[in-house]
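First the structure, in the form of structure tokens, and then the observations on it.
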Amino acid sequence: MVSLGNFEIVGLGMSCVDCLMRVPSITDLSHKHVLDWSIQGGGKVATAMVAAAHLGAKTSIMTKVGQDEAGEFVISDFERYGIDVSRIIMQKGCNTSIFFILVDPNGNPRWVSVETIRDWSLPEPIRHMVKLVEAQEQVTNTTFRNYSQDELGFVTEGEILLLDCFLPEYRNGALLARKSNIKTCLDLDVYFQPYSADLKNITYCIASKKAAVEFTGETDPEASCRKLLEFGPEVAGVTLGEEGSVFVTRKGEFLRQKAFKVQVVDTTGAGDVFHGAFCFGLVQRWGLPKIVEFSSAVSALKCRKLGGRAGIPSLGEVEGFIRSQK
């Protein structure tokens, strides 16, 4: 793989703050009671980059946050994991996104609004985040989507460019990377029609089950993968949660990976971590079967702790876990 810079993996995507609360139920909220909590950095590509860095990859993130306390938290959390933050832009007049996530005893998350938890008995750090959101001015964060051509040039600084699909405008980054012979990986989790024409600039397209169905119209994961390949990627995959994952390559290779069994605390960010581990495997020059098995193990181990990042395992921990499953 080609790299024009000093990094193995570069990420381009949204960053935020996740306020996570483990609760008795996410359907009946009359309890208004928090069993456990954590505040972590969030975002799809952002958390994927944390996973890749924690596993040992040299990574950098290109993202935008507001000039606010939450933005400073996002940056400091990246730094804690050893991620290069030189290309993070603190955008004046914009708000860093803060999300509130309830997690039930089975590890299922539910995103809720400030209004839902305002009158709860909250831990003081969570209450502080509620106050930050309530104090934010109502602005349109459209400038978070816009990057100049000079800024986008950074996407060629790594061997792999990982993108999320929250922002269709990122297609210019994918185009620039492919023109520079940089491999691209897309986390297809939210359906945006423009991507159907732009998948020709994506090398590895990995979709959630829901996104795959919406994007391709195919309910069978293998059929979804083959449909995605028609748009241009070399490899297409669909992650299926407890059912594992399915991958198909343009060369005709077919893989079905079973999910690893662990004691689940929280599934938030499991897919994001899968993508980070997948990119880590790519820069190790592993074959696809090993990459998919490895990514599945990392994703499973992450679920043992609350939040998308706290449970990300080390490389040695993953290798030991896989050996124990043989």
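Numbering-wise (the numbering used here), the sequence shown opens with residue 590 and increments by one.
A virtual CB, placed ideally from N, CA and C, is assigned to each residue, including glycine.
Whether residue i touches residue j by CB criterion (9 Å)
i, j, result
"C794", "C774", "yes"
"T745", "L618", "no"
"L750", "V639", "no"
"L871", "R839", "no"
"K798", "V827", "yes"
"K720", "Q680", "no"
"V824", "V837", "yes"
"I918", "E723", "Outside the shown range of the chain, which is 590 to 915, sits residue 918, and nothing can be said about it."
"G602", "L752", "yes"
"F869", "A886", "no"
"N684", "D657", "yes"
"F820", "A786", "yes"
"I628", "F662", "yes"
"G696", "T856", "yes"
Burial state of residue i (16 or more Cβ within 10 Å)
i, result
"A659", "buried"
"K727", "Checking the displayed sequence, the identity of residue 727 turns out to be Gln instead of Lys. Counting Cβ neighbours within 10 Å, Q727 comes out exposed, since fewer than 16 surround it."
"Q914", "exposed"
"P694", "exposed"
"F843", "exposed"
"S813", "buried"
"E882", "buried"
"G655", "buried"
"T808", "exposed"
"G900", "buried"
"D673", "buried"
"S884", "buried"
Option in the options with minimal Cα separation from residue i
i, options, result
"I715", "M679, L624, V907 and K681", "L624"
"L644", "Q914, G682, K915 and E908", "E908"
"G671", "D657, V887 and K647", "K647"
"Q873", "C892, E748 and D693", "E748"
"S566", "E597, I615, S614 and G830", "Residue coverage of the chain in this structure runs from 590 to 915, which leaves residue 566 outside it and unanswerable."
"K894", "M603, M610 and L601", "M610"
"S888", "F867, I771 and T652", "F867"
"T616", "S710, W700, I664 and G830", "W700"
"R912", "K879, G600 and P810", "K879"
"S675", "I690, S785, M651 and V854", "M651"
"R767", "I791, E832 and K847", "I791"
"S834", "K847, F910 and A825", "K847"
"K789", "K816, D673 and E832", "K816"
"P712", "C892, W626 and S885", "W626"
"G830", "F820, K891, T685 and G821", "K891"
"P613", "P698, S665, T685 and S686", "P698"
"Q725", "Q738, S686 and A763", "S686"
Where residue i sits in the DSSP three-state scheme
i, result
"P902", "coil"
"Q725", "coil"
"P698", "strand"
"S649", "strand"
"C814", "helix"
"A796", "strand"
"G655", "strand"
"A786", "helix"
"M610", "strand"
"K891", "helix"
"T685", "coil"
"L871", "helix"
"R676", "coil"
"S627", "strand"
"Q846", "strand"
"I880", "helix"
"S619", "coil"
"I690", "strand"
"L829", "coil"
"S913", "helix"
"F596", "coil"
"D776", "strand"
"T703", "Strictly speaking, residue 703 in this sequence is Val, with Thr absent from that position. Looking at V703 - three-state DSSP - the assignment turns out to be helix."
"T636", "helix"
Min CB distance residue i to chain D below 9 Å
i, result
"K850", "Chain labels in this structure do not include chain D; a single protein chain is all it has."
Beta-carbon proximity list for residue i, same chain, < 6 Å, skipping 5 on both sides
i, result
"N735", "none"
"R845", "V835"
"L904", "L644 and G645"
Contacts around residue i, its chain only, beta-carbon distance under 7 Å, and the 5 residues preceding and following it disregarded
i, result
"G631", "C605, V606, D607, F688 and G897"
"A800", "L777, D778, V779 and Y780"
"N761", "L741"
"P822", "L788, I791, T792, Y793 and C794"
"E832", "A848"
8 Å CB neighbourhood of residue i in its chain, flanking five on each side removed
i, result
"T636", "G630, G858, D861, V862, G865, G897 and R898"
"S710", "K621, H622 and V623"
"M718", "V606, C608, I628, A659, I687 and F689"
Check: residue i C-beta below 8 Å from any heavy atom of the ligand ZN
i, result
"I677", "With respect to the ligand ZN, the structure offers nothing, as it holds no ligand at all."
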